[in-house]
Amino acid sequence: MFLCLAVTVGFRDTEMIGNAYGLSVILVMFATTCLMFLVITTVWNRNVLLAGLFTLGFGSIELTYLSACLAKVPHGGWLPLLLSLVTLLTMSTWHYGTKKKEEYELQNKVCLDRFLSLSSGMGLVRVPGVGFIYSSAVNGVPPMFAHFVTNFPAFHRVLIFVSIQTLTVPKVSPDERFLVGRVGPPANRLFRCVVRYGYKEGRWDHFNFENQLLMKVVEFLQLQPQEDAAEPPSDSGELSVIPASPRTHHQLADAGTASSASYSGGSSCEIDAGVMSRRVRFEEPWSGGEEGDAAAERNGEVKTLMEERESGVSYMIGHTCVEAHESSPAVKKFAINVVYGFLRRNSRRPAAELGVPHTSLIEVGMTYRV
4 MFLCLAVTVG
14 FRDTEMIGNA
24 YGLSVILVMF
34 ATTCLMFLVI
44 TTVWNRNVLL
54 AGLFTLGFGS
64 IELTYLSACL
74 AKVPHGGWLP
84 LLLSLVTLLT
94 MSTWHYGTKK
104 KEEYELQNKV
114 CLDRFLSLSS
124 GMGLVRVPGV
134 GFIYSSAVNG
144 VPPMFAHFVT
154 NFPAFHRVLI
164 FVSIQTLTVP
174 KVSPDERFLV
184 GRVGPPANRL
194 FRCVVRYGYK
204 EGRWDHFNFE
214 NQLLMKVVEF
224 LQLQPQEDAA
234 EPPSDSGELS
244 VIPASPRTHH
254 QLADAGTASS
264 ASYSGGSSCE
274 IDAGVMSRRV
284 RFEEPWSGGE
294 EGDAAAERNG
304 EVKTLMEERE
314 SGVSYMIGHT
324 CVEAHESSPA
334 VKKFAINVVY
344 GFLRRNSRRP
354 AAELGVPHTS
364 LIEVGMTYRV
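Just add 3 to wherever you are in the sequence shown, counting from 1, and you've got my numbering.
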């Protein structure tokens with residue numbers, strides 16, 4: 004509204020306003036025609052020749068109008084070009100700053116072996132509960148969490164590194180949404196989960212997301228081969244896709260609908276799975292020898308996970324400040340420190356975007372020198 008009033012007061016001439024409006028409309032029409040070429044070839048999977056004929060037919064007509072409107076640039080047509088340039092520079096600065104931030108996180112992430120060695124040497128305290136550590140990194144330990152542990156040597160007994168990814172598809176199948184893997188030896192109780200969304204999908208509310216994520220970790224533990232438990236710490240980033248099946252061959256039953264069900268033969272553990280007193284029964288088929296011991300060990304891990312969840316769930320997100328190096332050029336300092344800093348301060352907070360409850364939120368402040 005302010006911009007419309009400024010244009011009206013500034014031009015004070017309907018002819019100049021019409022020139023600006025006409026150039027902006029024809030530019031939008033021509034850009035739409037060019038984008039339709041991509042839609043026809045990639046989305047509709049039609050012939051390139053057909054897409055070319057469409058673009059040539061409509062584009063030639065629109066170019067004729069565009070050439071006529073370009074003559075009106077000195078008489079008000081410069082306004083949409085100026086606004087487009089400002090918008091382009093703003094979006095480019097945001098993209099540049101975001102890429103620099105991601106590069107810093109990638110270059111300064113801590114490898115797993117070093118993190119475990121630091122953990123053993125600093126006398127870390129494992130407090131009760133489950134911690135969700137949000138980061139864009141899909142392997143290694145994010146610098147934000149390493150910074151937190153270095154200054155405050157304590158973290159939860161169960162840690163899950165969560166990475167949210169938005170793919171270039173409209174929707175992601177529930178069977179392919181969660182990728183879960185273990186970080187380090189089982190005794191550390193560290194996990195990594197990559198959650199994938201399509202660009203048209205919204206985020207779940209925090210309680211459903213928390214339930215879904217923990218259930219996927221439970222299914223990962225139950226489906227994990229026995230030999231995986233004996234593997235040394237790995238930082239390879241290998242993750243397993245956990246399908247959205249409500250049951251696996253290790254039966255997972257909700258006692259809210261099957262509390263009276265009886266299970267014959269096998270070891271089982273029944274635990275409370277949430278603040279809403281939702282009771283869940285995990286059952287392992289009985290078998291003797293090493294296989295039975297492995298099943299009992301997996302049940303123990305599942306029980307430990309749910310007991311820690313009862314102690315509380317915390318969400319840790321980095322509250323980073325991106326600044327340019329002192330030796331950086333003046334243009335880069337202006338782009339990062341002024342423009343990008345202004346955009347970040349006025350953009351939506353990551354916690355609000357991810358639907359994290361503020362009562363369970365921990366924000367770790369850190370300065371990135373890019």
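The C-beta atom is built at its ideal place from N, Cα and C for all residues, glycine as well. Predicted, not measured: the structure shown is a model, and the values here were computed from it.
- In this structure residue 160 is in contact with residue 132, their Cβ atoms being roughly 7 Å apart against a cut-off of 8 Å.
- In the three-state DSSP reduction, residue 166 falls in the strand class (E or B).
- Here residue 64 is exposed. Its C-beta has fewer than 16 other C-beta atoms within 10 Å.
- Put simply, of 108, 42, 359, 152 the residue whose alpha carbon is nearest the alpha carbon of residue 138 is 108.
- Taking a cut-off of 8 Å for Cβ pairs, the stretch 323 to 333 and the stretch 88 to 97 do not touch, as fewer than three such pairs fall below it.
- Counting C-beta pairs closer than 8 Å gives three or more between the stretch 166 to 184 and the stretch 192 to 200, which meets the contact rule.
- Among the bridge pairs identified by DSSP, residue 369 is matched with 323.
- Taking a contact as a CB-CB distance under 8 Å, the pair residue 19 and residue 79 counts as one, their CB atoms being some 3 Å apart.
- Here DSSP, grouped into helix, strand and coil, assigns residue 157 to strand.
- The C-beta of residue 110 has fewer than 16 other C-beta atoms within 10 Å across all chains shown, which makes the residue exposed.
- Per DSSP, the unbroken alpha helix (DSSP H) holding residue 73 starts and ends at 51 to 73.
- Three or more beta-carbon pairs drawn from the stretch 214 to 221 and the stretch 306 to 314 are found closer than 8 Å, and the two stretches are therefore classed as touching.
- Excluding residues up to 5 positions away in sequence, 174 lie with their Cβ nearer than 6 Å to the Cβ of residue 204 in the same chain.
- Pairing residue 162 with residue 134 gives a Cβ-Cβ distance under 7 Å.
- Three or more Cβ pairs drawn from the stretch 28 to 47 and the stretch 65 to 76 lie within less than 8 Å of each other, which places the two stretches in contact.
- It is roughly 53 Å from the alpha-carbon of residue 73 to the alpha-carbon of residue 364.
- With respect to residue 342, residue 96 sits close: the two C-beta atoms are nearer than 7 Å.
- Residue nearest to residue 325 within the set 103, 23, 82, 26 is 103 (criterion: CA-CA distance).
- Taking residue 158 as reference, the option from 224, 316, 43 with the minimal CA-CA separation is 316.
- Looking only at 357, 367, 354, the smallest Cα-Cα distance to residue 323 is reached by 367.
- The three-state reading of DSSP puts residue 137 in strand, counting E and B together.
- In the displayed model, residue 312 falls within a helix according to three-state DSSP.
- Note on geometry: alpha-carbon atoms of residue 177 and residue 127 lie some 37 Å from one another.
- Listed as beta-bridge partners of residue 318 by DSSP are 135, 364.
- Counting only the Cα atoms, residue 202 lies some 6 Å from residue 171.
- As DSSP reads the structure, residue 130 sits in a beta bridge with 159.
- The beta carbons of residue 44 and residue 54 sit closer together than 7 Å.
- Note: residue 200 is bridge-paired with 169 in the DSSP secondary-structure output.
- With a contact defined as Cβ atoms closer than 8 Å, residue 194 and residue 180 miss out at about 16 Å.
- Taken through DSSP and simplified to helix, strand or coil, residue 175 comes out as coil.
- Counting of Cβ neighbours within 10 angstroms places residue 15 among the exposed residues, the total staying below 16.
- Looking at the DSSP output, residue 33 sits in no beta bridge, so it has no partner there.
- When DSSP reads this structure, residue 184 sits in a beta bridge with 195.
- The C-beta separation of residue 320 from residue 354 comes to about 6 Å, placing the pair in contact by the 8 Å criterion.
- DSSP, read as helix, strand or coil, puts residue 144 in strand.
- Taking a 10 Å sphere around the C-beta of residue 50, we find fewer than 16 other C-beta atoms and assign the residue as exposed.
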